[in-house]
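The block underneath contains the structure these notes are about, expressed in structure tokens.
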Amino acid sequence: MNTNQFGEKGWTPDRIKKLNGKTYVITGTTSGTGFEATKILLSKGAKVVMLNRNLKKAKGTIAILKQELGEAIDIVNIQMDLSKQSSVKKTAEDVLKTVPQIDALICNAAIAQVPKQTITVDGWESQMGTNYYGNWTLQALLFPLIEKSKGRIVTVGSLGYDMGIKTIKFDDLNWEKDYTPNNAYSQSKLAQIMSMYELQDRLKEAGKTDVKAYACHPGSSRTNLINSSGSFMMKFIFNLMKLSPLTQSAEKGAYPEVMCAIEPNLDESGFYGPTGRNNWTGPVGAHKIKSHAKDKTVAKRLWELSEKETGINWNI
Ligand SMILES: NC(=O)c1ccc[n+]([C@@H]2O[C@H](COP(=O)([O-])OP(=O)(O)OC[C@H]3O[C@@H](n4cnc5c(N)ncnc54)[C@H](OP(=O)(O)O)[C@@H]3O)[C@@H](O)[C@H]2O)c1
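In this note's numbering, the protein residues as written are -18 to 297.
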């Protein structure tokens, strides 16, 4: 029996009518799912504010999108390096000054499978610092505008949440011992997802039910992810996988994040992504998430640690 709420084919952008008057802020749009999500949102009439670190690439992205969708599209880029707290804070300030509303903040950018332990300028393991603490600060600083807009926060996680140690390594978050690219990446994606479910609880407790927070993932999609930050061996393996039906297009990988940004009546407690074999490909919808991603004690501790580490409070 098909249990996908969107039917046999799952969620597709055909469900979107018009997004005129809506504004979406999205990170990491120079390639992959971020690029494709941006294209879908623009093609439906939305304004898109891209947050990218590389201005030259961002300019190229705008040129490609204008070529494909026409000069009239409403798109801007604000520079942000997610791996540096100073840059994230400056970007949040710029967004708050120049963007009047945020219907959804889509936290898409990430690095993955960094071959050797690397520490960010702020002192964190690079995947934790970029994928988790970078997003923590961006989300918290933009929260007042998202709240004013009755908007959403969408976190692009990964099935990697279940491929590492399955909890947060509080005693050694920088992986001084036993660093492996997969464990460190998986840890950062688990942290990202956990913080969304914890945020939902905190919003409900505060009676702030106008803001929604969702966790999703793109399955196994043919993007630049491993080519940008992975080791030679990981690139080799992933490029072989790209030739097989175990992977899907970057466009399909973008559907879950677009769905979470715009679809009404989604269950916040769900985990959204492809529902086919292993959740790597297939029709998009809600699927099971393992209980360690919703461990309340760990999530609460992580939240409190994040406030301390970044010095940023959500003021919910
Ligand atoms: N592809 C998959 O199969 C897969 C599976 C599970 C989860 N995911 C998740 O899907 C999301 C999108 O990844 P993707 O697969 O589309 O990879 P991608 O093609 O490599 O895109 C990643 C984007 O993030 C940007 N980025 C990286 N580091 C940044 C930083 N420090 N500051 C700002 N932007 C930064 C990249 O910009 P630059 O051009 O400047 O590098 C790029 O635009 C990620 O959250 C990833 O963890 C992907």
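Where a beta carbon is used, it is the ideal one built from N, C-alpha and C, also for glycine. Every value quoted in this text rests on a predicted model; they were computed, and no experiment measured them.
Query: Where the beta strand (DSSP E) containing Arg133 begins and where it ends; Result: 133 to 137
Query: Distance between Ile92 and Tyr5 (C-alpha atoms, nearest Å); Result: 22 Å
Query: Helix, strand or coil at Lys298 [DSSP, three-state]; Result: An answer regarding residue 298 cannot be provided, because it is not within the stretch -18 to 297 covered by the chain.
Query: Neighbour-count burial assignment, Phe252, 16 or more Cβ in a 10 Å radius; Result: buried
Query: Meets three-Cβ-pair contact criterion under 8 Å: the stretch 80 to 90 and the stretch 121 to 135; Result: yes
Query: For Asp62, the first and last residue of its enclosing beta strand (DSSP E); Result: That residue, Asp62, is in no beta strand (DSSP E); it is neither H nor E in DSSP.
Query: Nearest to Val300 (by Cα), restricted to the options Lys277, Thr10, Ile45; Result: Residue coverage of the chain in this structure runs from -18 to 297, which leaves residue 300 outside it and unanswerable.
Query: Assigned secondary structure, Tyr236 (DSSP; H/G/I helix, E/B strand, else coil); Result: helix
Query: Inter-residue CB distance, Ile54 and Lys47 (contact presumed, cutoff 8 Å); Result: 6 Å
Query: Closer than 8 Å: Met240 CB and nearest ligand 1 heavy atom; Result: no
Query: Inter-stretch contact at 8 Å, needing at least 3 Cβ pairs: the stretch 151 to 168 / the stretch 194 to 207; Result: no
Query: Residues near Lys271 in its chain [Cβ-Cβ closer than 7 Å; skip 5 each side]; Result: Asp143
Query: Classification of Lys233 by the beta-carbon crowding that lies within 10 angstroms, buried from 16 upward; Result: buried
Query: Leu119 versus Ala165, Asp62, Ser130, residue with shortest Cα-Cα distance; Result: Asp62
Query: Beta-carbon separation (whole angstroms), Ile203 vs Ala231, contact threshold 8 Å; Result: Note on residue identity: the sequence assigns Arg, not Ile, to residue 203. Correct: roughly 6 Å between the Cβ atoms.
Query: Paired residues, beta bridge with His268 - DSSP; Result: Phe252
Query: Met31 (DSSP reduced to helix, strand or coil); Result: strand
Query: Close Cβ partners of Ala242 (< 7 Å) along its chain, the five nearest in sequence each way excluded; Result: Tyr5, Ala85, Ile87, Arg133, Val135
Query: Cut-off 8 Å between Cβ atoms - residues of its own chain near Leu36, not counting five sequence neighbours on either side; Result: Asn58, Gln60
Query: Residue of Gln94, Thr99, Glu179, Ile293 minimising C-alpha distance to Thr215; Result: The sequence given here places Met at residue 215; Thr does not occur at that position. Checked all of Gln94, Thr99, Glu179, Ile293; the closest Cα to Met215 is Gln94.
Query: Residue from Ala27, Ile7, Ile21, Phe16 whose Cα sits closest to the Cα of Leu0; Result: Ala27
Query: Proximity to Lys147 [Cα-Cα], best of Asn155, Ser130, Ala165; Result: Ala165
Query: Ser139 Cβ short of 8 Å to ligand 1 heavy atom set; Result: yes
Query: Ala91 CB to nearest heavy atom of ligand 1 below 8 Å; Result: yes
Query: Neighbourhood of Trp284 by C-beta, 7 Å cutoff - its chain only, sequence neighbours within 5 removed; Result: Ser176, Glu179
Query: Distance between Gln229 and Leu126 (C-alpha atoms, nearest Å); Result: 34 Å
Query: Coarse secondary structure for Leu23, derived from DSSP in three states; Result: helix
Query: Where Tyr160 falls: helix, strand or coil (DSSP); Result: coil
Query: Thr204 Cβ short of 8 Å to ligand 1 heavy atom set; Result: yes
Query: C-alpha distance - Asn278 paired with Ile149, whole-angstrom precision; Result: Before going on, a small fix: residue 278 reads as Thr here, not Asn. Looking at the two C-alpha atoms, the distance is approximately 11 Å.
Query: Buried/exposed call for Phe213, threshold 16 Cβ in 10 Å; Result: exposed
Query: Cβ shell of Ala280 (< 6 Å), same chain only, five flanking positions each side left out; Result: Met175, Glu179
Query: For Thr4, the three-state DSSP class (helix, strand or coil); Result: strand
Query: Spatial distance of Lys275 from Glu52 (CA atoms); Result: 44 Å
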